[in-house]
Structure formats: structure tokens, C-alpha cells
Amino acid sequence: MSTEDPTARRRGRRPAGQDTRAALLAAARAVFGENGYERATVRGIASRAGVDAAMVNHWFGGKEGLFAQAVLKLPFSPYELVTELRASPDDELGYRIVRTFLTRWDGAGGDQFQALIRSFTDHEVANSVLHSFFSGFFAELVSGIGVDREAFRTTLCASQIVGMGLVRYVAAFEPMANAEVETLVAAVGPTVQRYLTGTID
1 MSTEDPTARR RGRRPAGQDT RAALLAAARA VFGENGYERA TVRGIASRAG VDAAMVNHWF
61 GGKEGLFAQA VLKLPFSPYE LVTELRASPD DELGYRIVRT FLTRWDGAGG DQFQALIRSF
121 TDHEVANSVL HSFFSGFFAE LVSGIGVDRE AFRTTLCASQ IVGMGLVRYV AAFEPMANAE
181 VETLVAAVGP TVQRYLTGTI D
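Counting from 1, position 51 in the sequence shown corresponds to residue 51 in the UniProt record's numbering; the numbering is continuous, with no gaps.
Put into C-alpha cells, the structure is as follows:
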């Protein structure tokens, strides 16, 4: 009869059980945030998660699939958020967008937004996916207002929000990095509101 200690088999790498996928997602967000897409490796992510690298292919089909699930797993549902924001009066929408963006990303932690931005700048696939997300998200909001030059307004809104996130979460410029949410809403909200409903000629 074997006298092997059954707990010994639980040491080392995490077994391929229910929590493996969640562990890989958490590790991937951290590694992509630290290194960007190109420098992040499947082996490094798996090692951070404490699982075998083969589990990345098993659960996500490879590095790109893991990136899409981990990094683009936003701290909100884009479709639900559009519905929520569109319930606001048009003349308050810019303020609501800024407030919602900040509260959701603040709550999720800065590393998730860092991974978005860094991978956006150094990987063609990420660039395409993220461009589609941000442009599509703001296009949905702008199209419901009934204003002219929708595509231009969409781009202006996206640039303002992404730029704000870059300064707050990635570059961490002070005092913006630690400013109160309502302070930023008061400062940035009017600009986004003008992009949505004001004159932009």
C-alpha cells in the first residue's frame, strides 16, 4: 500500500480545476499591464498563475485569445453601459460619461487600464480590437443624440476619455492621478459635453 502523502500532489502547479481559468485571467492582466502584449509570454503568464502553459491553449486557444478575454474583460458591460448612459438627458451625458468611466476604472484598479493602453500601442491586433471598441461605444452614444458630424464627435470623445485614462492610470501625472472623481468630472465633463452636443466647427 502506498504511503504517499496526498497533500504532496497539491504542491507546485495549480491543478487544472475550476479556478485555473480565473487564475490565468488574473495573471494575464498583471503581466500584460507590466510588459505590454509583445513582451508578455504564455510561459510567464502561466508561471505567474501557477499552472502549466498548456492550459492557456486549453482555455483560450493561445496568447491572443487570452489577451482578448483578460484585457478586454472590462469592469462593465459596454452594452449595458450604453443603455444606462443614454437614459441621461443629452445635456448631462458628457458629465455622466466622465463620472462613469472614472468610477468603474478606479474600482477595477489601474493595472487593467494600463494593460489596455500599453497593448494598444504595441500590437496590431490589440490596436484593431480596442479601436473598434472605443469607436463603437461612443458611436452608439452619439448616434442617439441626433447631431451632425457623428464620426468626428465620436473620435473627439474617445480621445478625451482615453487620454484622461492614460494620464491618470498609466503616466500617473499628479495631481490628476489622485484627484477626486468629482473634481475631474467638473473639469473634463464640459469638454466631453461640447464634443457631444456643442459646436465643433
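The C-beta atom is built at its ideal place from N, Cα and C for all residues, glycine as well.
> Excluding five sequence neighbours on each side, which residues of the same chain lie with their C-beta closer than 8 Å to the C-beta of Ser-143?
Replying inline: Glu-150
>> I'd like to know whether the C-beta atoms of Gly-94 and Thr-183 end up nearer to each other than 9 Å.
In response: no
>> For Phe-60, report the span of its alpha helix (DSSP H) as first-last.
In response: 54-60
>> Whole angstroms are fine: how far does the CA of Arg-96 sit from the CA of Gly-165?
In response: 15 Å
>> Using only the alpha-carbon positions, how far apart do Gly-146 and Ser-88 sit?
In response: 15 Å
> DSSP state of Ala-179, grouped into three classes?
Replying inline: coil
>> For Tyr-195, which residues in the same chain have their Cβ closer than 6 Å to its Cβ, ignoring the five residues on either side in sequence?
In response: Arg-153, Leu-156, Cys-157
>> I'd like the span of the alpha helix (DSSP H) that includes Ile-161, first residue to last.
In response: 150-165
>> I need the straight-line Cα distance from Ala-171 to Asn-178, nearest angstrom please.
In response: 12 Å
> By Cβ distance below 7 Å, which residues in the same chain neighbour Arg-168 in space, the five residues on each side in sequence not counted?
Replying inline: Met-176, Ala-177
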